[in-house]
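My numbering puts the first residue of the sequence shown at 2, with every later residue one more than the last. Where a beta carbon is used, it is the ideal one built from N, C-alpha and C, also for glycine. The structure presented is a predicted model; accordingly, all values stated were derived computationally and were not measured. Here the structure comes first, spelled out in structure tokens, and everything after it is commentary.
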Amino acid sequence: MQHELQKALLAPPPASASGGAVALAEAAKLSQDNLQRGVIETFVQESVVLDRIPLLEIEGNAYAYNEEAELPGVEFREVNAAYEESTGTYNQATEKLVILGGDADVDTFVAKTRSNLNDQRAEADRMKVKAASYKYQDTFINGDVEVDPLAFDGLKKRLTGSQVIDAAEDGLSVLGEGEGAAATEERHSFLDKLDELLAAVTGGAEVLYMNSNVLAWLRSSARREGFHEADRDEFGRVVDRYNGIPMLNIGETAAGANIIPQTEKQGESGEVCSSIYAVRFGSGEGDRAVTGLTNGGVDVRDLGEQQSKPAYRTRIEFFCGLAVFGPGAARLRGVKK
Numbered sequence: 002m003q004h005e006l007q008k009a010l011l012a013p014p015p016a017s018a019s020g021g022a023v024a025l026a027e028a029a030k031l032s033q034d035n036l037q038r039g040v041i042e043t044f045v046q047e048s049v050v051l052d053r054i055p056l057l058e059i060e061g062n063a064y065a066y067n068e069e070a071e072l073p074g075v076e077f078r079e080v081n082a083a084y085e086e087s088t089g090t091y092n093q094a095t096e097k098l099v100i101l102g103g104d105a106d107v108d109t110f111v112a113k114t115r116s117n118l119n120d121q122r123a124e125a126d127r128m129k130v131k132a133a134s135y136k137y138q139d140t141f142i143n144g145d146v147e148v149d150p151l152a153f154d155g156l157k158k159r160l161t162g163s164q165v166i167d168a169a170e171d172g173l174s175v176l177g178e179g180e181g182a183a184a185t186e187e188r189h190s191f192l193d194k195l196d197e198l199l200a201a202v203t204g205g206a207e208v209l210y211m212n213s214n215v216l217a218w219l220r221s222s223a224r225r226e227g228f229h230e231a232d233r234d235e236f237g238r239v240v241d242r243y244n245g246i247p248m249l250n251i252g253e254t255a256a257g258a259n260i261i262p263q264t265e266k267q268g269e270s271g272e273v274c275s276s277i278y279a280v281r282f283g284s285g286e287g288d289r290a291v292t293g294l295t296n297g298g299v300d301v302r303d304l305g306e307q308q309s310k311p312a313y314r315t316r317i318e319f320f321c322g323l324a325v326f327g328p329g330a331a332r333l334r335g336v337k338k
């Protein structure tokens with residue numbers, strides 16, 4: 002018999018009212034089943050990426066699209082004159098889906114003797130979902146198919162050229178080094194670079210991702226200059242904002258390491274720094290932003306008691322991917338205290 006968490010995850014996701022991509026947070030609002038809504042909210046609460054990235058439903062195991070390579074020519078003409086024909090060119094790009102998931106096993110003895118307090122299989126499944134959320138979040142930033150060919154490339158690898166901004170040659174202090182006017186001037190210089198980062202995101206950034214250290218420093222710096230705001234989201238979590246844009250700690254890996262490390266080497270002096278990522282999310286190619294891909298969303302199967310050992314097994318899989326259809330993200334590196 003399926004336990005409650007499996008029932009909720011097996012339920013089909015609610016359809017979007019607009020027919021487009023749907024973020025998990027929106028899916029939770031659309032759900033008419035209280036249990037399903039609670040489970041989806043668990044995903045949302047565990048990940049500051051999966052709580053907002055739209056998931057575009059695709060067919061098959063890959064998504065092919067055209068990237069602009071060269072725009073067609075245009076010109077002014079005289080009356081009765083003809084235009085010179087010119088056609089733009091495209092590069093075809095493909096984003097493949099990957100398989101993220103795992104098996105959650107619970108010994109039959111544990112399931113029988115300890116479920117008077119909590120449904121042990123439901124707890125095991127919930128922990129597996131939490132681990133999957135952390136893994137997706139880490140890959141969203143650091144994914145590299147040359148390191149793990151079974152994953153997808155993250156923003157760190159995808160962002161190049163003008164989408165990567167150096168705060169300074171050897172790093173720039175968020176709080177401003179020194180005292181008095183000198184510290185204030187450097188703090189202003191950093192905020193100028195932060196504004197440059199936001200301007201590099203076409204259409205305007207929706208969120209700033211950083212580690213917990215940088216968040217604390219930036220909160221302090223923005224507060225001193227009058228650019229800090231704070232409120233609570235629908236789950237009661239405090240959200241710091243810079244000029245209205247959420248500043249979020251993207252968190253740690255399951256092993257406890259910062260997803261965006263504080264150990265990035267900047268410049269010839271090798272200053273130990275970090276990065277801030279500005280992101281705008283979109284529902285498809287036309288938004289020219291960052292979009293999640295999926296085919297079927299989260300798949301959960303109750304495999305029952307295993308023949309090889311006395312344990313119940315749940316298999317959880319998420320067929321997912323990532324597409325950056327345009328300059329919808331940028332990175333500021335060289336960030337230090």
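Check, Outcome
"In chain order, each alpha helix (DSSP H) run of at least 4 residues that lies wholly inside the stretch 88–135", "109–114"
"Inter-residue CB distance, Ala-330 and Leu-156 (contact presumed, cutoff 8 Å)", "5 Å"
"Secondary structure of Gln-267, DSSP reduced to three states", "strand"
"Through-space distance from Val-175 to Phe-191, alpha-carbon basis", "6 Å"
"Phe-191 - containing alpha helix (DSSP H), residue span", "181–200"
"Through-space distance from Gly-74 to Leu-216, alpha-carbon basis", "45 Å"
"Inter-residue Cα distance where the pair is Ile-261 and Asp-232", "24 Å"
"Ala-279 and Leu-219 closer than 8 Å at C-beta", "no"
"Local Cβ density within 10 Å of Ala-183, reported as buried at 16 or more and exposed below that", "exposed"
"DSSP-derived helix/strand/coil call for Asp-300", "strand"
"Residues near Arg-302 by beta carbon distance below 6 Å, same chain, minus five either side", "Arg-316"
"Closest by C-alpha distance to Lys-136, when choosing among Asp-120, Gln-121, Glu-124, Asp-154", "Asp-154"
"Closest residue to Leu-101 among Ala-65, Asp-149, Tyr-84 (Cα-Cα distance)", "Asp-149"
"Under the three-state DSSP convention, the category Ile-142 falls into", "helix"
"Cβ pair Val-202, Pro-247 closer than 8 Å", "no"
"Nearest-angstrom beta carbon gap, Thr-292 and Phe-326 [assumed within contact, 8 Å]", "6 Å"
"Pairwise C-alpha distance: Glu-226 and Ser-276", "21 Å"
"Supposed close pair Asp-139, Thr-254 - CB separation, criterion 8 Å", "5 Å"
"Backbone CA spacing between Lys-113 and Lys-310 [nearest angstrom]", "15 Å"
"Check whether Glu-79 and Glu-85 have beta carbons under 8 Å apart", "no"
"Unbroken alpha helix (DSSP H) run spanning Asn-214, endpoints", "213–225"
"Under the three-state DSSP convention, the category Tyr-84 falls into", "coil"
"Outcome for Lys-97 when other beta-carbon atoms lying within 10 angstroms are tallied against a minimum of 16", "exposed"
"Chain-order list of residues whose beta-carbon lies under 6 Å from that of Ser-116 (same chain, five-residue window excluded)", "none"
"Boundaries (first-last residue) of the alpha helix (DSSP H) holding Leu-249", "Counting along the chain, Leu-249 falls outside any alpha helix (DSSP H), though it belongs to the beta strand (DSSP E) covering 246–250."
"Extent of the continuous alpha helix (DSSP H) run through Arg-159", "156–159"
"Span of the beta strand (DSSP E) around Phe-326", "No beta strand (DSSP E) holds Phe-326; DSSP gives it neither H nor E."
"Pair within 8 Å by beta-carbon distance, Glu-306 and Thr-161", "no"
"Reduced DSSP secondary structure (H/G/I, E/B, other) of Ser-275", "strand"
"Cβ-Cβ distance between Tyr-313 and Arg-127 below 8 Å", "no"
"Inter-residue spacing [alpha-carbon to alpha-carbon] between Lys-337 and Val-273", "7 Å"
"Ile-306 - partner residues in DSSP beta bridges", "It should be noted that the sequence gives Glu, not Ile, for residue 306. DSSP output for Glu-306 lists Tyr-313 as bridge partner(s)."
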